[in-house]
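As structure tokens, the structure follows; a few thoughts come after it.
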Amino acid sequence: MSTVKFTVDGEKISAEKGETVMSACKKHGIDIPKLCQHDAMENVMACRVCIVEVNGEQIQPACGLKVEEDLEIKTETDEIKKYRRMNLELIYRSENHYCMFCESDGDCELQDLMWENGIDYFEHPRLFPDRPIDSSHEHIVIDNNRCIRCGRCVRACEEVVGNQTLAFGGRGLENEIVADADVPLKESTCVSCGMCLQVCPTGAIFNKHSMFKGIKDECDLTESTCLRCSVGCETEIYTRTGHLVEIEGAESEMESGGQLCEMGRFEPLVDRTEKIDDVIYKENETEKEMSLAKGLEKAAEVLDEGDKISAMASGNLTNEVLDSFSEAMRTHGALFDVVGAKRHRFEKEVKRRINMIEGHFIDDITEVMKADHILLYDTSVRDTHPVLASYIRRAAMNGTRLITIDAYEDRFWEHSDISISVESPKTQLTRLINQVVREGKGSIEDLTRVSSILGGLRVHPRDVMQVVKHLEESTYDIIILGSEIIDRWSIRHIFELAKLEGSYLISLNQASNQYIRSLETEGVYEEPDVAYVLAGDEDDQEDMKKLIENADFSIVQASKRSELTEKADLVIPSLTMFEREGTSVNINGEEKEVERVMEPKGELKSEREFFEELAEKR
Amino acid sequence: MTRREILICSGTGCLSAGAEEIEDKLMDELWKHELEDKYPVTRAIKRTGCMGPCNLGPMIIIRPEDTFYGNLEPSDVETIVEEHLLKDRVVRNLLIEDDGHKVEEFQKLDFIQGQKKIVMRNSGDIDPSSLEDYLENDGYMAARKAITDMEREEIIEEIKESGLRGRGGAGFPTGLKWEFTAREDEDEKYVVCNGDEGDPGAFMDRSVLEGDPHSIIEGMMIAGYAVGANKGYIYVRAEYPLAIRNLQKAIRDAESEGYLGENLFNTQFDFNVELRVGAGAFVCGEETALLSSIEGKQGRPKYRPPYPAQSGLWDQPTVINNVETFANIPIIIEKGSEWFDDIGTEGSSGTKVFAVAGDVGNTGLVEAEMGTTIEEMIDIAGGVAGGKDFKAVQIGGPAGGTIPEEHIDLPIDYDSLEEAGTIMGSGGFIVLDEDTCMVDVAKFFLDFTQEESCGKCPPCRLGTKRMLDILDKITKGEGESEDLETLEELAETVQNTSFCGLGQASPNPVLSTLRFFREEYEAHVNEKECPTGTCKALVEAFYIDEEACVTCGKCTEVCPVDAISSGDESYSIDPDTCISCGECAQVCPVEAISEGDNE
Ligand SMILES: Cc1cc2nc3c(=O)[nH]c(=O)nc-3n(C[C@H](O)[C@H](O)[C@H](O)COP(=O)(O)O)c2cc1C
Ligand code: SF4
Ligand code: SF4
Ligand code: SF4
Ligand code: FES
């Protein structure tokens, strides 16, 4: 990369060739005012606020202008200031900007620019727009009356989320943000990630659950890691007087563009389930509350009496909690498992049998955007790992061939080049693909044979051959295995395929903390005397439910009331995900810090200490 | 009896004036007089594209005499057949009058004589739906010459030498544009013809597309060969159904006769053309927006650089030219750059087609040599209508400006127009007589651009709206002293900070009228007066002279606001309700109604 030198307001600056004037200036601490530009997205030069004077003659937007040797840039000439002021005032006066009635008052890039440019009096009258407000969506409000048409939301939706829900409708003064073919957002293809409201510089798109709860400057900010899935997005969590205000994606983490999904951004804000603060012991149909210390004693006592003990932990806990819990359970002679670990154990077994090396596994999931082919086996990733799903959509939009296989509805059909739905047993399909790859093109052409193998599967042999053809053509293909796959044969076929084709693999499981890969787990007694379930924030986990139902006595440690705690004999409080701190490992194998966002409200302050004590009570 | 050919203008103007009825009637008459052998439909009756003098439609030319009959009624056809066709006698009372004398031959019409037809060389002369006709007029000879006899660089050099500049508005040298694209080292390149033509009242490109579609295909093909592109797109607005139909047929015919497709003229060169129909937003005429639209995306302008010549359609190098630009190409190749460069002026060679409209004798298409003066243009168009005085001419459409009487001898070429504060634009030419209010003219054009703004950038979306509101205020008599200054400040901001040409040029009509007719604005603002009486809100109420009124009641029927009530002796107008539209005064049989105060 060659460098060029140019001048900004008399100061010599060097920059990389191909860079924009705005980005070069930013690196040198010169902030040029802007509204439409956003680092995570393509520059569209729409707002005209960043205009600068070039070589004493031209006026150009700094966000579009590329640096060149000897450019003379001036950012604050009288003329520039005049034009900037005029455009800002027109923007402000033409829409409904009565700041004191606005959700974004104090958190608004437009408002900031008004102040910074000294626009505290007006020369132009208001236009009083009267557009309908779309509040149909569960979390998101779109108020076109405050929209400045910067298009950040539209670009975020398309470029960051790969979704193309938002667009501009109408032209001129009628130009506004619409969802799909101008339908209410609730009825649109919106995936509820909330990326649009995060990038909106004004109060035109906002979060229903955070509105009027506090200006960001006045909130406490904690940077942490989202533990809802193994993507582990970096979060910025705003709280005020111990209450959650808003959760945003960290925009510094540029590949994700600051993305979060509905689970990470909105669900914690709407969670109204009752917290568990005290130990509850159920005896003869009556509930008895007791102190934490008493609860601990009771638990130790039950564990001591038990013969076959099963312990199961959520996969969304920190390394430290998982370690101390497994340690405590082992000292009590329990068999220990973590949700999601079973899949991992199967994989380990398969890898050993087919002699597969680790090199096949990708250590950066953003690589999917560079692959030329993606084979997505089990499309549930759309719901389980939504941010990864957005990378897949972005890849498909940019020309990556996408092959999807699912037992049920294909959740990527709009983006998929080949979509195959198979009813179980799916193993036959993978075996077939596998076989065709192994035996070469000859067997591809033998249609009748393919058909006979497919037998009861409702799959067209042509599709199978297409899949194979694509895989053989590709030079960089990634196979993604969804977390719902739990039969060993499928895993084996897919892994073998990857080995044969030299494909890369991303293997997903239900745990958000991939520390489970280095933990000793062995599976549990299905019908134990005692079950100890460390649910954390988990409220609806199938394996946990089954275990509790089959146990003679069950202990559930959870942060909130749920079906699990209803069925338990002894309920012990755990911390919530925002009270816990520690580390967690994401899908890329990186260790991430999980920060404490709120002080624990109950008697329990540290789960690790609790389990250490429990271990000692042997 | 002479072997004759009858040309019926079937351009859009004539079609809407009833050309089809005339044709039907002609066929009926020929049948009635058993002339079907002498006048075989396929050879003797020819539907042509626009002949030019649109306000004389429907019109026919009888050849070989070149007799021109215009403003025809179906009943006239009978006379023409009986007299002209059967008895070889020109029907004098159906001839068109120029300056009081009857003109027999089409070429002798003042309107035609002053013109120089290069772009419109075939329009009005050949049947646009016939490839054969085009071939008979040397069609595809230039392409053959270029592709079989000339080097790519040679063609580009020839176009550069010719001095041809883009006719789509900006006037960029065409040869240079081609050279940029030719220089790019890419396998996929494209040639795009911009037929979006969105200026209000413009129909030059439409007439060429309708009247001579093959010439566009030929021009694009030559461009394709010269820059190394094998694929062309013609983008036409959906409002031009006839152009679309004729182009579709032309492409199909050219394909089946081997003038499009693979190995053209037995060379290695392949070229195909596809038609794209646009949804009709004005901004889609802007080149980057147009390319986005062809790609199937929203038609919004994109930032340049990169220019389409380097990165255009699907990010490949793309030549994009206007219809009229392409129409010039074959003839330049055929006759050579020197011939073309000799036509016109130093910096502007060739001709330009104008859609002449407004207060002139003859409206229609005029193709004039560059350098023709405004005065000459007006003469060609039959002078200012109704013996009124000339006030100004608006050139260049909504991106252009107004030139006042004192510059009537201004030669029309790129540089002179720019100096006078307007642009060549795509060829709008609206003649304004003494009764025209210049504030109203500015408002008309600004209203158009404001409506057509795509909405992407604030100066254009909001600045034009604000300017329009001020003009509206001024024409309503609510102007304030600082309004003109605010208007200029806004204009400057919009001009200098808008994203694309639409916004950047939108203040031009306002700025140029402010430059030449500032006192008219001031009269509106300061004296609350519209000097031409155009702005109704500034005109005083009408009143009825009680003595003169014959109580016929005709005035009440036309008053749009019911301001007139009846009485025994006389009708009367409520001055508070009256909007001074003057409708009543027009219908009063005894001229009892006049403007102003009764006192
Ligand atoms: C708002 C706007 C509208 C335009 N409309 C047209 C049009 O209708 N036809 C056209 O040929 N060029 C139009 N242009 C100019 C094109 O952007 C482009 O310059 C032209 O097609 C280039 O062709 P030329 O070099 O042959 O003139 C328009 C430009 C702007 C800014
Ligand atoms: S969006 Fe910003 S400028 Fe507009 S009202 Fe809200 S706070 Fe004020
Ligand atoms: S809603 Fe917000 S982000 Fe979207 S265009 Fe309007 S102001 Fe920009
Ligand atoms: S100037 Fe701006 S708003 Fe106007 S048409 Fe161009 S891009 Fe759209
Ligand atoms: S930030 Fe550059 S134009 Fe908006």
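Line by line, the protein sequences are chains C and Z.
Residue numbers for the first sequence follow our numbering, beginning at 1 and rising by one.
Residue numbers for the second sequence follow our numbering, beginning at 1001 and rising by one.
Idealized CB from N, CA, C, for every residue including glycine.
Below 7 Å on C-beta distance, what does residue i contact in chain Z?
{"i": "C/S490", "result": "Those within 7 Å of C/S490 in chain Z number zero; the least Cβ separation is about 39 Å."}
{"i": "C/S94", "result": "L1462"}
Any beta-carbon of chain C closer than 8 Å to the one on residue i?
{"i": "Z/L1462", "result": "yes"}
{"i": "Z/G1013", "result": "no"}
{"i": "Z/A1238", "result": "no"}
{"i": "Z/Q1298", "result": "yes"}
{"i": "Z/K1443", "result": "no"}
{"i": "Z/F1499", "result": "yes"}
{"i": "Z/R1152", "result": "no"}
{"i": "Z/T1475", "result": "no"}
Could you say which of the options lies nearest to residue i if we only look at CA atoms?
{"i": "Z/K1038", "options": "Z/F1111, Z/V1119, Z/L1085", "result": "Z/L1085"}
{"i": "Z/G1169", "options": "Z/R1004, Z/S1123, Z/V1353", "result": "Z/V1353"}
{"i": "Z/I1159", "options": "Z/C1284, Z/S1348, Z/I1329, Z/D1185", "result": "Z/I1329"}
{"i": "Z/G1401", "options": "Z/L1109, Z/T1513, Z/G1258, Z/E1274", "result": "Z/T1513"}
{"i": "C/L534", "options": "C/E526, C/P184, C/L547", "result": "C/L547"}
{"i": "Z/R1461", "options": "Z/L1490, Z/E1482, Z/S1348", "result": "Z/L1490"}
{"i": "Z/Q1248", "options": "Z/A1226, Z/I1412, Z/H1214, Z/T1267", "result": "Z/H1214"}
{"i": "C/V141", "options": "C/N586, C/P600, C/C193, C/R93", "result": "C/C193"}
{"i": "Z/S1162", "options": "Z/L1487, Z/D1342, Z/G1232", "result": "Z/D1342"}
{"i": "Z/H1033", "options": "Z/R1300, Z/V1081, Z/E1419", "result": "Z/V1081"}
Of all the CB atoms in chain Z, is at least one closer than 8 Å to the CB of residue i?
{"i": "C/Y98", "result": "no"}
{"i": "C/M86", "result": "yes"}
{"i": "C/F266", "result": "no"}
{"i": "C/I59", "result": "yes"}
{"i": "C/A24", "result": "no"}
{"i": "C/D406", "result": "no"}
{"i": "C/C47", "result": "yes"}
{"i": "C/F6", "result": "no"}
{"i": "C/R149", "result": "yes"}
Taking Cβ to Cβ, would you say residue i is nearer than 8 Å to residue j?
{"i": "C/I403", "j": "C/H373", "result": "yes"}
{"i": "C/I494", "j": "C/I362", "result": "no"}
{"i": "C/T235", "j": "C/E248", "result": "yes"}
{"i": "C/L497", "j": "C/I433", "result": "yes"}
{"i": "Z/V1236", "j": "Z/L1260", "result": "no"}
{"i": "C/M626", "j": "C/A156", "result": "This structure leaves residue 626 of chain C out entirely; chain C is present only between 1 and 618."}
{"i": "C/N509", "j": "C/G340", "result": "yes"}
{"i": "Z/T1422", "j": "Z/N1508", "result": "yes"}
Kindly list, in the order they appear in chain Z, the residues whose Cβ is closer than 9 Å to that of residue i.
{"i": "C/N175", "result": "S1453, C1454, G1455, K1456, R1461"}
Residue i touches chain Z at which residues, Cβ-Cβ below 8 Å?
{"i": "C/E123", "result": "T1486"}
{"i": "C/R171", "result": "A1281, V1283, E1452, S1453, C1454, G1455"}
{"i": "C/G64", "result": "Y1303"}
Which residues of chain C have a Cβ atom closer than 9 Å to the Cβ of residue i, listed in chain order?
{"i": "Z/E1186", "result": "Correct list: empty, because the minimum Cβ distance to chain C is about 18 Å."}
What in chain C is Cβ-close to residue i, meaning under 7 Å?
{"i": "Z/R1466", "result": "L90, H124"}
{"i": "Z/E1036", "result": "Under the 7 Å cutoff, chain C gives no residues; its nearest Cβ is about 53 Å from Z/E1036."}
Along chain C, which residues have their Cβ under 8 Å away from the Cβ of residue i?
{"i": "Z/N1246", "result": "Those do not exist, as Z/N1246 stays about 29 Å from chain C at its closest Cβ, beyond 8 Å."}
Inside the stretch 1233-1279 of chain Z only - beta strand (DSSP E) runs reaching at least 3 residues: Within the stretch 1233-1279 of chain Z, the complete beta strand (DSSP E) runs of at least 3 residues are 1272-1278.
Any beta strand (DSSP E) of 3 or more consecutive residues that is wholly inside the stretch 484-519 of chain C: With a minimum length of 3 residues, the continuous beta strand (DSSP E) runs that stay inside the stretch 484-519 of chain C are 504-507.
Contiguous alpha helix (DSSP H) assignments of at least 4 residues, all confined to the stretch 245-290 of chain C: Annotation note: the stretch 245-290 of chain C contains the following uninterrupted alpha helix (DSSP H) runs of length 4 or greater, listed N- to C-terminal: 262-265, 267-270.
Residue ranges of each alpha helix (DSSP H) within the stretch 1519-1572 of chain Z, 4 or longer: Counting only runs of 4 or more, we get 1554-1558.
Uninterrupted alpha helix (DSSP H) stretches inside the stretch 140-223 of chain C (no shorter than 4 residues): You should have 152-155, 195-199.
Contained alpha helix (DSSP H) runs [length at least 4] in the stretch 1359-1405 of chain Z, N- to C-terminal order: Counting only unbroken stretches of 4 or more residues, the alpha helix (DSSP H) elements lying wholly within the stretch 1359-1405 of chain Z are 1374-1380, in sequence order.
Every unbroken beta strand (DSSP E) inside the stretch 67-148 of chain C [3 residues or more]: You should have 72-74, 140-143.
Complete runs of the beta strand (DSSP E) confined to the stretch 1276-1345 of chain Z [at least 3 residues]: Runs of the beta strand (DSSP E) inside the stretch 1276-1345 of chain Z: 1318-1322.
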